[in-house]
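Residue numbers (the UniProt record's numbering): 1 to 190.
Remarks on the structure that follows.
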Amino acid sequence: MELLKKIQSEIDQYSNTIEDNLSLPDITIKYGLNSYRYGSSSFLDDLFDPIQITHETVFYDLGSGYGNIILYGAVKYPEAKFIGIEILEERNQVCMDLIEKEQIPNVTAITGDILKTDISDGTVFYLYNPLFNFQYKTLLDKLYQISLNKNIVVIAESRCNFFDEAHWLEQYHLKDIDVIRKIKYYRSKP
C-alpha cells in the first residue's frame, strides 16, 4: 500500500520537528493538566486483525497524535468511519492536512480533550496511554455509559490494568509485543 507508506513518511517528517519544539510548560498552560506523551503503535497490521471492521464501525483513537492509526484504518477499511481526538493542535493539524491532501473521506481529526468530547457514536476505542492514572476513571465511566446502549470494543496498548479491573469488560485477545508491552482487546459484556 503505497499511500500508507507515503502518509507514514510525511508524519515522520513533521513529527520530529514538532516534538522537538514542544515545551511542556507552554502546552500545559495552553491546554491544562493532561498527559502529552506521544507514542503510537507500530503494529498497525496486527492491531486491526482481532477486530471486525464493517460499514457500521466507528473507530475512535483517543489521543490520536499525528493520526497514524486512523489514517491507516481509513485507507485499509474505506467502509468504516475513523475519528481521532488529539488535544494538541500542533499534532492534529498534521493529520488534518494529510486527510485533505490525500482526500480520505472516512476519517475525521478533532482537536479536543477526550474526556470532554462526545464519543457516543463509537463502537471501537483505541488508546495508547493518553491519560494520567487519575483520569482513567472518568474515561471508563464514559465508555461504560456507551456500552449500556451497544456492544463496544476497547483496545489498550498500555495502562491495561485499568481495563482489566473494569467489571463490565472482558478481555478477548492479547498481543504480546515484548516482555513489558502488550495490546489487550476487551469487549463490553452483554
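Where a beta carbon is used, it is the ideal one built from N, C-alpha and C, also for glycine.
These figures come from a predicted structure and were not determined experimentally.
- request: May I have a chain-ordered list of the beta strand (DSSP E) segments no shorter than 3 residues that lie completely inside the stretch 45 to 104?
  value: 58 to 62, 81 to 86
message: Taking the beta carbon of T17 as the centre, do at least 16 other beta carbons fall within 10 Å, making it buried, or is it exposed?
response: Position 17 of the sequence shown, counting from 1, holds the residue named residue 17. The residue is exposed, with fewer than 16 neighbouring Cβ atoms inside 10 Å.
- prompt: Between the C-alpha atoms of G122 and Q13, what's the straight-line distance to the nearest angstrom?
  reply: Residue mapping note: residue 122 aligns to position 122 of the sequence shown, counting from 1. Residue mapping note: residue 13 aligns to position 13 of the sequence shown, counting from 1. Using only the alpha carbons, I get a separation of about 30 Å.
- prompt: Which residue comes first and which comes last in the alpha helix (DSSP H) that contains I114?
  reply: Against the sequence shown, residue 114 aligns to sequence position 114. Element bounds for I114: n/a, residue is neither H nor E.
query: Relative to the C-alpha of D20, which residue among R91, L174, I70, S188 is closest?
result: Your numbering for residue 20 matches position 20 in the sequence shown. Scanning R91, L174, I70, S188 for the CA closest to the CA of D20 turns up R91.
message: Check for me: the alpha helix (DSSP H) holding Q13 runs from which residue to which?
response: For this step, residue 13 is matched to residue 13 along the sequence shown. Q13 -> alpha helix (DSSP H) spans 2 to 21.
- prompt: When DSSP labels each residue in this structure, what does I119 get in the three-state scheme?
  reply: Counted from its first residue, the sequence shown places residue 119 at position 119. If DSSP states are grouped into helix, strand and coil, I119 belongs with coil.
- prompt: To the nearest whole angstrom, what separates the beta carbons of V154 and F163, a pair I think is in contact under 8 Å?
  reply: As a first step, residue 154 must be located in the sequence shown, where it is residue number 154. As a first step, residue 163 must be located in the sequence shown, where it is residue number 163. About 6 Å; that satisfies the 8 Å criterion.
Of the listed residues T111, L44, I104, L140, nearest to N68 (C-alpha basis): Taking the sequence shown and counting its residues from 1, one reaches residue 68 at position 68. Considering only alpha carbons, the answer is L44.
query: First and last residue of the alpha helix (DSSP H) that includes K142?
result: Locating residue 142 in the sequence shown gives position 142, where the first residue counts as 1. That run of the alpha helix (DSSP H) goes 136 to 147.
- request: Could you pull out every residue in the same chain whose Cβ sits closer than 7 Å to the Cβ of T117, ignoring the five residues on either side in sequence?
  value: Here residue 117 is taken as the residue at index 117 of the sequence shown, counted from 1. Contacts found: I85, I110.
field: Straight-line Cα distance separating H55 from V124
entry: Here the question's residue 124 lines up with position 124 in the sequence shown. Here the question's residue 55 lines up with position 55 in the sequence shown. Rounded to the nearest angstrom, the two C-alpha atoms are 13 Å apart.
field: Touch test, the stretch 124 to 133 against the stretch 90 to 104, Cβ-Cβ under 8 Å, three pairs minimum
entry: no
- request: Spell out the partners DSSP gives K189 in its beta bridges.
  value: Residue mapping note: residue 189 aligns to position 189 of the sequence shown, counting from 1. Bridge partners of K189: none, in fact.
- prompt: Roughly how many whole angstroms lie between the Cα atoms of I99 and Y185?
  reply: Taking the sequence shown and counting its residues from 1, one reaches residue 99 at position 99. Taking the sequence shown and counting its residues from 1, one reaches residue 185 at position 185. Cα to Cα, I99 sits roughly 27 Å from Y185.
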